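Reminder that position 76 of the sequence shown reads as 79 in the numbering used here, one-by-one numbering, no gaps. Just so you know, even glycine gets a beta-carbon here, dropped at the ideal spot from N, CA and C. Quick caveat, the model's predicted, so the values are computed rather than measured. This report concerns only the one structure given below.
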Amino acid sequence: MSQILPGTGVGSTAVIAPVHRLADRPIQPPPTRRKKSIEEEIAALEAAAKSVQDLLQSRATQASGDASAILTALSAFAADPALMMAAKAEISNGWDSPTAISRAAKSFAQMLQSAGGAFAERAADLDEIALRITAELTGQEWSVEIPTSGRFVLVAEDLTPADTAGINSKVVVGVITQKGGPTSHTSIICRQMGIAAVVGCAAALELTNGDIVLVDPVGDRVVLNGDLSDATQALPIVAPDAKTLIPVYGNIGNQKDAKAVVEMHGAGVGLFRTELLYLDAQSAPTIAEQRKIYQAVFTEIGKLPVVIRTLDAGSDKPLRFLNLDSEENPALGIRGWRINRPQPQVIYDQLTAIKQAADATGADVRVMAPMIAIPQEAFEFAAIAREIGLTNIGIMIETPAIAFAVRDLAGHLNFVSIGTNDLAQYLFAADRQHNELVDFLDPWQPALLRTIKRICDDAKRIELSVGVCGEAAADPLLAVVLAGIGVNSVSAAAPAIPAVRTRLAIANIEIAEQAADLAMKATTAQSAKSLVKSLLK
Ligand code: PEP
Ligand code: MG
């Protein structure tokens, strides 16, 4: 008999495959004083650290590209001499080895946290390493094995960066997680890789290895013992030249993504997240280095427009080479355009590289700055871009303050692009990385939609075009709502483009306006979505 497990769907194609459960996180035992000798505890610790290091290193060797780099960095942590020395000191102070490694990792993590930026991000890696060593010491299984052959649906509480690094989308065809929401790390990765997922599925951990599940993202559900014929039908994809209510652009982080956008018949690139190119850079990329990469992307896109965003560093995207000071609240600190305060040369050089790449390729390049809060910042950005010779200039609307100051931008900009991920984070005061707060970050939240409406109305008065490039744009139904609200274009990860284009090809403006009206008048995200779902059925 089939059983329905509701959640939030990511993607538009249903898949059916057996479950592969990722092991639950091991339990950290309570702090315990040492009963064995110092030498015995140290020997056990060293052996456990070595086996964690070897395991991660062997997975790094099997993986490639970013995945391999992430796993190599993790394995290096397991062998870190300073961490080991601190753990040994804790053993000498009377703690057993699991307690010692956990105490040492905690104090290192605190140091990294207070160093801020890229270091703070590594603190989570350190937690994972300490827990892996503890699991090894206490005989708890914590497999890092993501299957590399066969065909599976991966089921887990949530996926860590190490997990997602190991995924091959031909083998892992679906993902089900108990935690996470439509904008969580897992959703973004699955959408980018074209993997069908249902996140925030409360009953996920009741599934066991070998269960046959239908992952039905369009229906926002998993069907245990379901059949492909149970899948909520996504609409047949429209022809590449079908006219859509508003154009659908693609979000990219590199040249490969740009190629995928072209293959999916995107109208161009609506968001090039340039900071993703430099997450691990030790020193600032030179103008020549940047120019080479941008040129390759522009060439890939050809005649289509490319909106390139200046480095959105800080908070959830720390850039090591900036050496930013540590901050209590990095999401509210020096991030996005604000890095221009301590380090104006960085953005100046980036815009120079963009201009050179644009000149060399003749590409239709538009530039925009992230995390603008007041018009003055937009004016500064526009002045610098113009001085460098760039002419098509915009900003991202990601803070409530600028959402309510759009009319002041008249005459200074060519476009604005709404980053619904951050706009929701700041509107609802809910950390976008926080697993327990995903309901606030649901892009169907009526207050978010009403804010977008205000932006569109004001932008229309001053003839400014409005795009949406946050995850909201990847939801085909929501894309119709956005068009009805008055958004002029949307931009989503390449795998989401066909389904979004399809919805926007079959909708007309009257139905889109009706959908927008229903969604904005709703009082909850769920009712907004279900009302629109019934209307657009
Ligand atoms: C957003 O905030 O919606 C956005 C598109 O930017 P990012 O997700 O890169 O912060
Ligand atoms: Mg953002």
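> Nearest to M371 by CA position, among A85, P333, H415 and T313, is which residue?
Replying inline: Position 368 of the sequence shown holds residue 371. Looking at the Cα atoms, T313 is the closest of the given residues.
> Per DSSP, what kind of secondary structure is T289 in: helix, strand or coil?
Replying inline: By 1-based counting over the sequence shown, the position of residue 289 is 286. Of the three classes helix, strand and coil, the one that applies to T289 here is coil, per DSSP.
>> Any residue with its C-beta under 6 Å from a non-hydrogen atom of the ligand PEP counts. Can you list them all in chain order?
In response: L274, R276, D315, E401, G422, T423, N424, D425, C472 and G473
> Nearest-angstrom Cα distance between P479 and K532?
Replying inline: The residue labelled residue 479 in the question sits at position 476 within the sequence shown. The residue labelled residue 532 in the question sits at position 529 within the sequence shown. Rounded to whole angstroms, P479 to K532 spans 11 Å at the Cα level.
>> Beta-carbon within less than 7 Å of A287's beta-carbon, same chain only, minus the 5 sequence neighbours each way: which residues are those?
In response: Residue mapping note: residue 287 aligns to position 284 of the sequence shown, counting from 1. Only F324 and V349 meet the Cβ criterion.
>> Classify P378: buried if its beta carbon has 16 or more other beta carbons within 10 angstroms, exposed otherwise.
In response: As a working note, residue 378 is residue 375 in the sequence shown. Under this definition P378 is a buried residue.
> Considering F384, what are the terminal residues of the alpha helix (DSSP H) in which it resides?
Replying inline: Counting from 1 along the sequence shown, the entry for residue 384 is found at position 381. Residues P378 to I391.
> Is N254 helix, strand or coil by DSSP?
Replying inline: One-based indexing of the sequence shown puts residue 254 at position 251. Three-state result, N254: strand.
> Could you give the C-beta distance for L231 and L217, rounded to a whole number, given that I count them as a contact under 8 Å?
Replying inline: Taking the sequence shown and counting its residues from 1, one reaches residue 231 at position 228. Taking the sequence shown and counting its residues from 1, one reaches residue 217 at position 214. Rounded, the Cβ-Cβ distance is 7 Å, consistent with contact.
>> I'd like to confirm the pairing. Which residues does DSSP put opposite Q6 in its beta bridges?
In response: Counting from one through the sequence shown, the residue named residue 6 turns up at place 3. Residue pairing from DSSP places Q6 in a beta bridge opposite L227.
>> In the DSSP output, which residue or residues are listed as bridge partners for G12?
In response: Along the sequence shown, read from residue 1 onward, the residue named residue 12 stands at position 9. In the DSSP output, where bridge partners are listed per residue, G12 has V201.
>> Could you check whether the segment 263 to 273 touches the segment 478 to 498, counting it as contact only if at least three pairs of C-beta atoms, one from each stretch, sit closer than 8 Å?
In response: yes
> What alpha helix (DSSP H) runs, 4 residues minimum, are completely inside the segment 41 to 67?
Replying inline: The segment 41 to 67 contains these whole alpha helix (DSSP H) runs: 41 to 65.
> Along the chain, where does the alpha helix (DSSP H) that runs through M88 open and close?
Replying inline: Locating residue 88 in the sequence shown gives position 85, where the first residue counts as 1. For M88, the enclosing alpha helix (DSSP H) stretches over residues P84 to S95.
>> Given the structure, does A52 come close to the ligand ZN, in the sense that its CB is under 6 Å from one of the ligand's heavy atoms?
In response: The ligand content of the structure shown is limited to the ligand PEP and the ligand MG, which means the ligand ZN is not among them.
> Measuring CA to CA, which of M114, G422, I73 and L426 is closest to R276?
Replying inline: On the sequence shown, position 273 is the one that residue 276 refers to. Of the listed residues, the one whose Cα sits closest to R276 is G422.
> Once you ignore the five residues that flank A159 on each side, which residues in its own chain have a CB closer than 6 Å to its CB?
Replying inline: Reading the sequence shown from its first residue, position 156 is the one you call residue 159. Only L25 and T180 meet the Cβ criterion.
> Going by C-alpha distance, which of S40, E131, I45 and A85 is nearest L77?
Replying inline: Stepping through the sequence shown from its first residue, residue 77 is reached at position 74. The candidate whose alpha carbon is nearest that of L77 is E131.
> Hey, out of A92, L282, D520 and I465, whose CA is closest to I3's CA?
Replying inline: Residue coverage of the chain in this structure runs from 4 to 540, which leaves residue 3 outside it and unanswerable.
>> Can you tell me whether G487 is helix, strand or coil according to DSSP?
In response: Position 484 of the sequence shown, counting from 1, holds the residue named residue 487. Helix at G487.
> Cβ atoms of A388 and L412: under 7 Å apart, would you say?
Replying inline: The residue labelled residue 412 in the question sits at position 409 within the sequence shown. The residue labelled residue 388 in the question sits at position 385 within the sequence shown. In this structure, A388 does not lie closer than 7 Å to L412 by Cβ.
> Taking the alpha-carbon positions, what's the R106 to P29 distance?
Replying inline: Taking the first residue of the sequence shown as 1, we reach residue 106 at position 103. Taking the first residue of the sequence shown as 1, we reach residue 29 at position 26. Answer to the nearest angstrom: the Cα atoms are 16 Å apart.
> beta strand (DSSP E) containing V175: first to last residue?
Replying inline: Along the sequence shown, one-based indexing puts residue 175 at 172. Membership of V175 in the beta strand (DSSP E) is indicated by the continuous run V175 to T180.
> Do T137 and P34 have their CB atoms nearer than 7 Å?
Replying inline: Numbered from 1 along the sequence shown, position 134 holds the residue referred to as residue 137. Numbered from 1 along the sequence shown, position 31 holds the residue referred to as residue 34. No.
> Is it right to say M88 is buried, meaning 16 or more other beta carbons lie within 10 angstroms of its own, or is it exposed?
Replying inline: Reading the sequence shown from its first residue, position 85 is the one you call residue 88. Answer is exposed; the Cβ neighbour count stays below 16.
> If you check the beta carbons only, do T211 and F301 fall under 7 Å apart?
Replying inline: In the sequence shown, the residue the question calls residue 211 occupies position 208. In the sequence shown, the residue the question calls residue 301 occupies position 298. No, they are not a contact pair.
>> Taking the straight line between their C-alpha atoms, what separation do you get for I405 and R457?
In response: Stepping through the sequence shown from its first residue, residue 405 is reached at position 402. Stepping through the sequence shown from its first residue, residue 457 is reached at position 454. Within the model, the alpha-carbon separation for I405 versus R457 is close to 11 Å.
>> So the candidates are A51, L74, G473 and S5; which of them puts its Cα closest to the Cα of N228?
In response: Working through the sequence shown from its first residue, we reach residue 228 at position 225. Residue S5 is the option with its Cα nearest to N228.
> Where do the N-terminal and C-terminal ends of the beta strand (DSSP E) with R276 fall, by residue?
Replying inline: On the sequence shown, residue 276 is found 273 positions in, with the first residue counted as 1. From DSSP, the beta strand (DSSP E) with R276 extends over V272 to R276.
> By Cβ distance below 7 Å, which residues in the same chain neighbour Q293 in space, the five residues on each side in sequence not counted?
Replying inline: Along the sequence shown, one-based indexing puts residue 293 at 290. Contacts found: Q353 and A356.
> At what residues does the beta strand (DSSP E) containing M399 begin and finish?
Replying inline: Indexing the sequence shown from 1 puts residue 399 at position 396. From DSSP, the beta strand (DSSP E) with M399 extends over I396 to I400.
> What is the DSSP secondary structure of I215, counted as helix, strand or coil?
Replying inline: As a working note, residue 215 is residue 212 in the sequence shown. It is a strand residue.
> Could you give the residue range of the beta strand (DSSP E) that holds L157?
Replying inline: If you number the sequence shown from 1, residue 157 lands on position 154. Run containing L157: F155 to A159, per the beta strand (DSSP E) assignment.
>> I'd like to know whether the C-beta atoms of G269 and V310 end up nearer to each other than 7 Å.
In response: What you label residue 269 is simply residue 266 of the sequence shown in a count that begins at 1. What you label residue 310 is simply residue 307 of the sequence shown in a count that begins at 1. It is not a contact, given that the beta carbons lie outside the stated cut-off.
>> What would DSSP say about I240, mapped onto helix, strand or coil?
In response: Counted from its first residue, the sequence shown places residue 240 at position 237. In this structure, I240 counts as coil in the three-state DSSP scheme.
> What residues are listed by DSSP as bridge partners for A20?
Replying inline: On the sequence shown, position 17 is the one that residue 20 refers to. V216, per the DSSP bridge assignment.
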